[in-house]
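Contents: one structure, followed by commentary.
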Amino acid sequence: MNNLEYIKERFNQLPSVNDLNGLGVIRQKAFEALNKMGIPTTRHEEWKYTRIGSFFNKEYKYTEAQHALTAADLAPVRLPGYEQANELFYINGRYAPELSVVRSKGLTVQPLQEAARNEYKDIVSKHLGHSSNYLKDGIIALNTAFVQDGVFVYVKKGQIVEHPVYIYNITDARQANILAQPRTLVYVGENAQVKFAETFNTLGTQESFTNRVIEIVVEKDAITEYYKIQTDASHASQVATTHIQQIGKSYTHTVTVSLNAGLVRNNLNIVLDEQYCEAHLYGIYLQQGNSHIDNHTVVDHAKPHCESNELYKGMLDDQSTGVFNGKIFVRQDAQKTNAYQSNKNVLLSEGASVNTKPQLEIFADDVKCSHGCTIGRLDEESLFYLRSRGISERTAKSLLLHGFAVDILEQIKIAPIREYVDNLISERLEFDIA
């Protein structure tokens, strides 16, 4: 029996699979979709350059809710400014309330299975799994089918959450290979404001595979910021899906920072489902060794008078590979749309490569849209100019690459996180060009 077959067999052992009043119906539908679609292969157009099938031929340990982590284990992974932040910990894909801290009064955090039964049940039943409308493959269905110890986050109407929400995905792979599937549903109420920062860390030397899904619903006049920071180990791989649905006139701002891991696939979907919505998407990726990064984005302009702006930049060294696939949909009724998309890449070695595919599908006639991509080397004239001023080649390259990344760094609005990421990038650039 291969690992995927074992996963399917284990589905029937879950305690709440027959719970028709909670998540049972949602999970059952997802399991049926998983059986139908299977794990995506390179024959799937959206997975043409990214292979994940081999991960499901390995033996993984499925952990219980208990864990053996100590404060000393958590200290190295905590983000700067955590003393003033709301902190949500997932251990091996399962929410750990005993480690988590909620400091903001306008923020409600509870287990997803409880939210599916109480006053939030209508929100859960309507919005949990909405991402499957845009990602029609078995990997998302796999996460939904095995929703267990997930989290529901509710930002109350009119509340400005003064402390950022830090989400830590920690995989304890010190004793065995781990498959983790954390799940979060966020609902940002009318006229509310909130900021999220999410990280991924693997402890130990065994392999880990994280299949992460977070769905965020944004109401009228709400403002939501989301920052994803990926600095995991080379023996850790992940598929991380962020699905944002703007159901009222609102503003969203996302930044994805991918600096390390074995294989990373990021899915970012933003649905502008009401007039006068605004969405900004930024990303920076630095790859080395044999690592692989795949950024897939979808911006769906479903209603008129909306604006989206997208900029992703990549630096690839050694034998690393990259993929960027960005789609913008402008629906027939979405007149007066402004949509912009750009992907820029710098290759730092002969062995590095990137496949980039920006796409526009426009069904309206009164719009302003553009998209483009570039792939190249460091600018020789700029490098010569710096060298002629007495700057060493190593320092000159570092300065040019940092300058390439700086307009993405500036989009991180949480000051301690911006400084933290800036330091990580500076350290990586010094290492890469040494």
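Here full-length UniProt numbering is used: position 217 in the sequence shown is 217, and no number is missing along the way. Idealized CB from N, CA, C, for every residue including glycine. Quick caveat, the model's predicted, so the values are computed rather than measured.
**Q.** Contact check, valine 213 vs serine 131, beta carbons under 8 Å
**A.** Position 213 of the sequence shown holds residue 213. Position 131 of the sequence shown holds residue 131. Contact flag set, yes.
Q: Go to threonine 144, then tell me how far its alpha helix (DSSP H) extends in each direction, as first and last residue.
A: For the purposes of this step, residue 144 is identified with residue 144 of the sequence shown, where counting begins at 1. That run of the alpha helix (DSSP H) goes 138-145.
Q. Tell me the DSSP bridge mates of arginine 43?
A. Taking the first residue of the sequence shown as position 1, residue 43 is located at position 43. The partner list for arginine 43 (beta bridge, DSSP) is empty, contrary to what the question assumes.
Q) From serine 234 to glutamine 288, what does the alpha carbon distance come to, in whole angstroms? A) What you label residue 234 is simply residue 234 of the sequence shown in a count that begins at 1. What you label residue 288 is simply residue 288 of the sequence shown in a count that begins at 1. So the alpha carbons of these two residues sit roughly 10 Å apart.
(Q) Quick check on DSSP: helix, strand or coil for glutamate 190? (A) Start at 1 with the first residue of the sequence shown, and residue 190 comes out as number 190. In the structure shown, glutamate 190 sits in coil (DSSP, three-state: anything other than H, G, I, E or B).
Q. By DSSP, does methionine 1 sit in helix, in strand, or in coil?
A. In the sequence shown, the residue the question calls residue 1 occupies position 1. Because methionine 1 carries a pLDDT of 40, less than 50, the predicted location of this residue cannot be relied on, and no value is offered for it.
Q.
I'd like to know whether the C-beta atoms of tyrosine 187 and glutamate 87 end up nearer to each other than 8 Å.
A. Here residue 187 corresponds to residue number 187 of the sequence shown, with the count starting at 1. Here residue 87 corresponds to residue number 87 of the sequence shown, with the count starting at 1. Not closer than 8 Å, so no.
Q. When the Cα atoms are used, what is the spatial distance from residue 507 to leucine 268?
A. It is not possible to answer for residue 507, since the shown part of the chain is limited to 1 through 434.
Q. Thinking just about the alpha-carbon of each residue, which of Leu79, Ala192, Leu316, His305 is nearest to the one in alanine 339?
A. Position 339 of the sequence shown, counted from the first residue, corresponds to residue 339. For alanine 339, the nearest C-alpha among the options comes from His305.
Q. For phenylalanine 363, which three-state DSSP category applies?
A. On the sequence shown, position 363 is the one that residue 363 refers to. If DSSP states are grouped into helix, strand and coil, phenylalanine 363 belongs with coil.
Q) With burial defined as no fewer than 16 other Cβ atoms inside 10 Å of the residue's Cβ, what is the status of proline 358: buried or exposed? A) Residue numbering aside, residue 358 sits at position 358 when the sequence shown is read from its first letter. Proline 358 comes out buried.
Q. Between which two residues does the alpha helix (DSSP H) containing lysine 344 stretch?
A. Translated into positions along the sequence shown, residue 344 becomes position 344. Premise fails: lysine 344 lies in the beta strand (DSSP E), 337-347, not in any alpha helix (DSSP H).
(Q) Once DSSP output is grouped into helix, strand and coil, what is the label at glutamine 28? (A) In the sequence shown, counting from the first residue as 1, residue 28 sits at position 28. Helix.
Q | One or two residues paired with serine 258 in a DSSP bridge | A | Translated into the one-based positions of the sequence shown, residue 258 becomes position 258. Looking at the DSSP assignment, serine 258 forms a beta bridge with Gln230, Tyr285.
Q: Might you give, ordered along the chain, the residues of its own chain that have their beta carbon closer than 6 Å to the beta carbon of alanine 176, omitting 5 neighbours on each side?
A: As a first step, residue 176 is located in the sequence shown; it is residue number 176 there, counting from the start. Only Lys61, Gln206 meet the Cβ criterion.
Q. What's the call for arginine 51, buried or exposed, on a 16-neighbour Cβ count within 10 Å?
A. As a working note, residue 51 is residue 51 in the sequence shown. The residue is exposed, with fewer than 16 neighbouring Cβ atoms inside 10 Å.
Q: Leaving aside the five residues before and after tyrosine 285 along the sequence, list all residues of the same chain whose C-beta is less than 6 Å from its C-beta, in chain order.
A: For this step, residue 285 is matched to residue 285 along the sequence shown. Excluding residues within five positions, the ones whose Cβ falls inside 6 Å are Ser258, Ile293, Gly314.
Q: Could you tell me whether the Cβ atoms of glutamate 361 and lysine 336 are closer together than 8 Å?
A: One-based indexing of the sequence shown puts residue 361 at position 361. One-based indexing of the sequence shown puts residue 336 at position 336. No, the Cβ-Cβ distance between glutamate 361 and lysine 336 is not below 8 Å.
**Q.** Residues that DSSP places opposite residue 451 in a beta bridge
**A.** Here the chain comprises residues numbered 1 to 434, so residue 451 is not present and cannot be evaluated.
Q) Over what stretch of residues does the beta strand (DSSP E) that includes glutamine 246 continue unbroken? A) Your numbering for residue 246 matches position 246 in the sequence shown. Run containing glutamine 246: 236-246, per the beta strand (DSSP E) assignment.
Q. Which one of Lys303, Glu162, Asn201, Asn211 has the shortest CA to CA distance from threonine 224?
A. For this step, residue 224 is matched to residue 224 along the sequence shown. Nearest C-alpha to threonine 224: Glu162.
Q: Pick helix, strand or coil for residue 468, following the three-state DSSP scheme.
A: In this structure the chain extends from 1 to 434, so residue 468 is not present and cannot be described.
Q.
Are the CB atoms of alanine 96 and histidine 67 within a distance shorter than 8 Å?
A. Residue mapping note: residue 67 aligns to position 67 of the sequence shown, counting from 1. Residue mapping note: residue 96 aligns to position 96 of the sequence shown, counting from 1. Yes.
Q | Helix, strand or coil at isoleucine 91 according to DSSP, with G and I counted as helix | A | Position 91 of the sequence shown, counted from the first residue, corresponds to residue 91. Reduced to three states, the DSSP call for isoleucine 91 is strand.
Q. Counting Cβ pairs, one atom from each stretch, are 3 or more of them under 8 Å apart for the segment 373-383 and the segment 391-408?
A. yes
Q) How would you label asparagine 290, buried or exposed, when you count the other beta carbons within 10 angstroms and need 16 or more for buried? A) As a first step, residue 290 must be located in the sequence shown, where it is residue number 290. Result: exposed.
**Q.** Three-state class that DSSP yields for valine 218 in the structure shown
**A.** Position 218 of the sequence shown, counting from 1, holds the residue named residue 218. Note: valine 218 maps to strand in three-state DSSP.
Q: Enumerate in chain order the residues of its own chain whose CB-to-CB distance from alanine 115 is below 6 Å, with the five nearest sequence positions on each side excluded.
A: Here the question's residue 115 lines up with position 115 in the sequence shown. For alanine 115, where only same-chain residues beyond five positions count, the Cβ hits under 6 Å are Val124, Phe152.
Q) To which residues does DSSP link aspartate 407 through a beta bridge? A) Taking the first residue of the sequence shown as 1, we reach residue 407 at position 407. For aspartate 407, which the question treats as bridged, DSSP gives no partner whatsoever.
Q | Status (buried if at least 16 other CB within 10 Å, exposed otherwise) for leucine 347 | A | On the sequence shown, residue 347 is found 347 positions in, with the first residue counted as 1. Label assigned to leucine 347: buried.
Q | Whole-angstrom distance between glycine 262 and glycine 390, CA atom to CA atom | A | Residue numbering aside, residue 390 sits at position 390 when the sequence shown is read from its first letter. Residue numbering aside, residue 262 sits at position 262 when the sequence shown is read from its first letter. Computed Cα separation, rounded: 38 Å.
Q: Indicate the three-state DSSP secondary structure (helix, strand or coil) for valine 17 in the structure shown.
A: Sequence index remark: in the sequence shown, residue 17 carries index 17 (1-based). Residue confidence is low: valine 17 scores 49 on pLDDT, short of 50, so the model does not pin down where it sits. Its coordinate-derived value is still stated next. Coil at valine 17, not helix or strand.
Q: In the DSSP assignment, find the beta strand (DSSP E) that holds lysine 327 and state where it starts and stops.
A: In the sequence shown, residue 327 corresponds to position 327, counting from 1. From DSSP, the beta strand (DSSP E) with lysine 327 extends over 321-330.
Q) Ends of the beta strand (DSSP E) at alanine 180? A) What you label residue 180 is simply residue 180 of the sequence shown in a count that begins at 1. Counting along the chain, the beta strand (DSSP E) containing alanine 180 begins and ends at 178-180.
Q: With tyrosine 276 as the anchor, note down where its beta strand (DSSP E) starts and where it stops.
A: Numbered from 1 along the sequence shown, position 276 holds the residue referred to as residue 276. Note, tyrosine 276: premise wrong, no beta strand (DSSP E); not H, not E.
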